[in-house]
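Report on one structure; see the data block that follows.
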Amino acid sequence: LSEDDQTPTLLLNGDGVSMWLRASGISTLAADGGGRPAVRGLVRRLLRIVEMRSAGMRVEVREPEQMNLLGLILASVLRRRLEDERARRHAARIAGDVVVDAAGMRVTLQFARDAVEVVRGASDGAVVVLRGSLTGLIDAALRRRRLQHVVRGELSVHGKPRAIMHLLGLLRVEAHP
Amino acid sequence: VSPREVLDELRRVVGADAVRDEAATLEDYAHDMTEATPSRPDAVVEIADLPALQAVVRLAADARIPLVPRVAGTNLGGLTIPARGGWVLDLRRMNRIVALERDDRVAVVEPGVTFGQLSAALDGTGLTIGFPLSPPEASVAANCLLDGLGNLSLRHGAMGDWVNGLEVVRADGSLLRTGAWALDVPIPFGRAPLPDLTGLFLSWQGTTGIVSKLAVQLWPVQPFRERSFVLAYDRSATLRALRDLPALDLLDDLGGLSWPTAKLLFGVHHPRERDPAEPEFFFYLDLSAATEALFEAKRDALRAFVADLRRQGCRVEDPIDVPSLVALEPRLGKLADFPTRLDFLLDHPDGGLTWVGTYGPLSRFEAACEQGIAIVERHGFPPTIVARPMKGGHFAVLRFIQIFRRDDPDDRDRVRVCNEELCDALRLHGYVMYKTPDWAVARYREHLDPGFVRLLNEVRERLDPGRLLNPGRWDVIG
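Sequence lines, in order, name chains A and B. When the letters of the first sequence are read in order and numbered with the working numbering, they come out as residues 220 to 396. When the letters of the second sequence are read in order and numbered with the working numbering, they come out as residues 10 to 487.
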């Protein structure tokens with residue numbers, strides 16, 4: 220499956236699994252997820268990537284009137300970032316919840332197939348937990364002084380390494396003076 | 010003479026196209042964004058120049074027709090609603106920048122000159138004027154005459170202080186000049202040293218005369234400047250910043266905005282609840298300097314101040330610069346470039362916007378703020394607050410902004426009661442409404458010094474014996 224292919228067609232054969240996929244505008248999306256768990260997982264991930272890349276992703280804030288500032292900032296960043304193909308690719312590879320905690324303000328980003336939902340509070344079992352001061356997190360998004368914040372204990376990240384990598388790739392913004 | 014004949018005469022004086030009395034237009038001028046009771050004018054007159062203004066004032070005086078001067082009508086006090094009918098004088102076409110004296114740092118403007126227009130004219134001159142959080146179409150003269158504030162008010166005070174002199178059309182259509190300008194000096198350089206009559210027209214809301222030209226002070230633009238924001242998790246940090254930073258003489262402006270403002274900026278129309286862990290206030294800091302060394306020294310001093318706040322137990326983030334904030338949310342740029350249009354307030358779907366905006370002593374700020382928050386929350390409004398120290402910390406602004414459903418009579422009543430309670434409570438802390446709405450004047454009436462009331466009425470009787478100039482405003486008849 221080519222990373223840059225906008226309309227992938229994929230055929231997998233092996234261990235009782237077959238999948239034929241055409242994702243041009245999500246006109247047809249079909250898969251047979253039988254077979255070994257590892258292969259079923261691969262099929263699911265591929266499906267997810269193709270869906271996100273071809274259809275885009277929505278960002279929804281649950282109960283916006285009660286959402287904290289951190290959640291609003293994250294939703295704004297995600298909305299703009301997910302207009303970008305590469306950022307969508309990062310999002311597609313984050314399977315599960317991400318918890319961001321800025322000085323006690325907690326938000327869970329629930330990554331689903333076609334949407335990211337921003338929920339106030341921290342969920343259990345997150346694949347990544349990103350914690351720090353708000354300034355530290357903002358600097359992390361701007362890719363500056365990351366090491367300094369980590370050393371000073373103002374920024375920490377835990378979780379699955381690949382998910383962390385994709386999260387940091389997703390939550391990056393550019394400051395234009 | 011019948012009203013129809015007067016209107017015909019008016020059309021003859023200013024041109025038929027300049028007089029509008031169709032229902033839709035009258036309705037547009039009958040209300041503003043606030044909860045103030047609508048009241049239609051009998052006609053709207055577009056004034057293009059001084060001779061037309063004088064002629065219309067003379068005609069109105071003869072026919073005993075009330076006059077209400079207006080430019081953008083964006084004040085939040087119902088000040089341009091024609092409470093007694095009459096003619097609204099739309100001064101937007103009187104918009105000449107008559108003089109721009111760079112060396113003397115003064116501009117002479119007609120009342121229709123807007124902040125957007127003056128900003129464009131000053132571009133590249135090395136000069137600027139302070140900008141309020143009003144839309145670009147707001148009038149420079151109106152904000153000065155109503156003693157509003159701008160983004161240089163920490164350093165230079167409220168904008169009434171920036172007025173060097175006025176040209177005024179009196180109720181009989183005659184002209185006068187105030188300040189040194191009264192001596193026909195070439196440059197209106199200041200109010201002194203002649204007896205200062207300018208005050209007869211500041212904060213009088215057009216009840217003593219209609220200003221046709223205003224000389225206003227300009228300020229140099231420094232080559233090194235920065236606006237940054239500090240998020241404060243508790244009120245005390247903001248209060249300390251408001252109280253202590255002015256004394257350090259580092260900043261051009263400093264303002265505190267409460268958590269609902271941030272959420273409105275992010276497009277949340279009805280912020281309802283604050284996460285206890287989120288910042289309660291953010292304050293913005295404007296810093297500028299003529300040299301890089303001085304600029305860096307000021308930045309260092311600011312960082313030291315923030316560090317000191319932390320040592321005192323205040324929870325604050327490091328200053329965040331505007332490019333970083335805008336990278337996170339482009340809408341935050343609305344708080345960076347002036348003049349600005351705060352569309353999240355002005356174009357709110359509920360349609361109603363009002364405030365209790367006060368000036369008062371910094372020493373009583375905390376108590377006033379606490380009580381005000383309790384009042385607005387009791388009435389079901391989020392505490393949308395703007396706070397600023399003024400004139401080097403000599404006084405402060407404390408403003409509670411309410412968004413409400415303008416089409417809903419119950420909501421109008423709710424906001425009315427809330428504002429009245431706020432007005433009374435803040436007065437007891439020494440906080441007095443600026444751009445004072447007539448409902449607030451009525452509440453202040455019994456507390457005003459009798460000598461003040463007497464002289465106010467004598468002045469008004471002298472300057473407008475027919476009570477035709479913006480009647481209903483500052484009516485404190487003893």
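Just so you know, even glycine gets a beta-carbon here, dropped at the ideal spot from N, CA and C.
Can you tell me the Cβ-Cβ gap for residue i and residue j, rounded? I've got them flagged as a contact below 8 Å.
i      : j      : result
M407/B : Y440/B : In the sequence as presented, Met is not what sits at residue 407/B; that position holds Leu. 6 Å between Cβ atoms; contact.
H309/A : L361/A : With 8 Å as the limit, H309/A and L361/A do not qualify as a contact, their Cβ atoms being about 17 Å apart.
R312/A : R381/A : 7 Å
N173/B : V115/B : 6 Å
R299/A : M276/A : Going by Cβ atoms, the distance from R299/A to M276/A rounds to 12 Å, so no, they are not a contact pair.
With distances taken between CB atoms, is the gap from residue i to residue j smaller than 8 Å?
i      : j      : result
P47/B  : A57/B  : no
V338/A : V326/A : yes
Y242/B : A322/A : yes
E44/B  : R425/B : yes
I329/B : I292/A : no
L59/B  : I138/B : no
M324/A : L297/A : no
F413/B : T363/B : yes
L259/B : A310/B : yes
R249/B : L318/B : yes
L88/B  : R387/B : no
L100/B : G121/B : yes
S342/A : V318/A : yes
E287/B : N287/A : yes
D113/B : F198/B : yes
A52/B  : V23/B  : no
Mind checking residue i: buried by the 16 CB within 10 Å criterion, or exposed?
i      : result
V10/B  : exposed
H357/B : buried
H377/A : exposed
I486/B : exposed
E338/B : buried
L477/B : buried
E379/B : exposed
S221/B : buried
P474/B : exposed
A150/B : buried
V107/B : exposed
F238/B : buried
V325/B : buried
G265/B : buried
D223/A : Bear in mind that the predicted position of D223/A carries a pLDDT of just 42, short of 50, making it unreliable; the figure below should be weighed with that in mind. That one is exposed.
D262/B : buried
F290/B : buried
H385/A : buried
P391/B : buried
G169/B : buried
L354/B : buried
L240/A : With a pLDDT of 48 at L240/A, under the threshold of 50, the modelled position of that residue is not reliable, and no figure is offered here.
D284/B : buried
D333/A : exposed
Going along the chain, which residues of its own chain have a beta-carbon closer than 7 Å to the beta-carbon of residue i, five neighbours each way excluded?
i      : result
P480/B : P75, A92 and R93
C432/B : V365, M442, A449 and R452
A377/B : G369, L407, L435, H438 and Y440
T270/B : T393
G322/B : none
G125/B : P145, E146 and P348
E336/A : E279, R281 and Q329
N232/A : With a pLDDT of only 49 at N232/A, under 50, the local geometry of the prediction cannot be trusted, and no value is derived from it.
With a threshold of 8 Å on Cβ separation, who are the neighbours of residue i within its own chain once the five nearest residues in sequence on each side are excluded?
i      : result
R67/B  : D181 and G182
Q285/A : R339
A69/B  : P75, L76, G95, W96 and L477
R350/B : P144, P145 and K343
A394/A : L361
Given residue i, which residues of its chain have a CB within under 6 Å of its CB, disregarding the five upstream and five downstream residues?
i      : result
R488/B : Nothing can be reported for residue 488/B: it is not among the residues displayed for chain B, which extend from 10 to 487.
L175/B : T187, T207, F210, V220 and L223
F374/B : A405
G351/A : E373 and L374
K272/B : P280
Counting Cβ pairs, one atom from each stretch, are 3 or more of them under 8 Å apart for the region 391-408 of chain B and the region 154-162 of chain B? With the cut-off at 8 Å, the region 391-408 of chain B and the region 154-162 of chain B touch.
Taking three-plus beta-carbon pairs below 8 Å as touching, is the region 288-298 of chain B in contact with the region 239-258 of chain B? Contact between the region 288-298 of chain B and the region 239-258 of chain B is present, because at least three Cβ pairs lie under 8 Å.
Contact between the region 269-288 of chain B and the region 300-314 of chain B (3+ Cβ pairs under 8 Å): When C-beta atoms of the region 269-288 of chain B are compared with those of the region 300-314 of chain B, fewer than three pairs fall below 8 Å, so the two segments do not count as touching.
Would you check if there are 3 or more beta carbon pairs closer than 8 Å linking the region 403-420 of chain B to the region 183-199 of chain B? The region 403-420 of chain B is not in contact with the region 183-199 of chain B.
Is the region 120-136 of chain B close to the region 207-216 of chain B, with three or more CB pairs under 8 Å? Too few Cβ pairs lie closer than 8 Å, so no.
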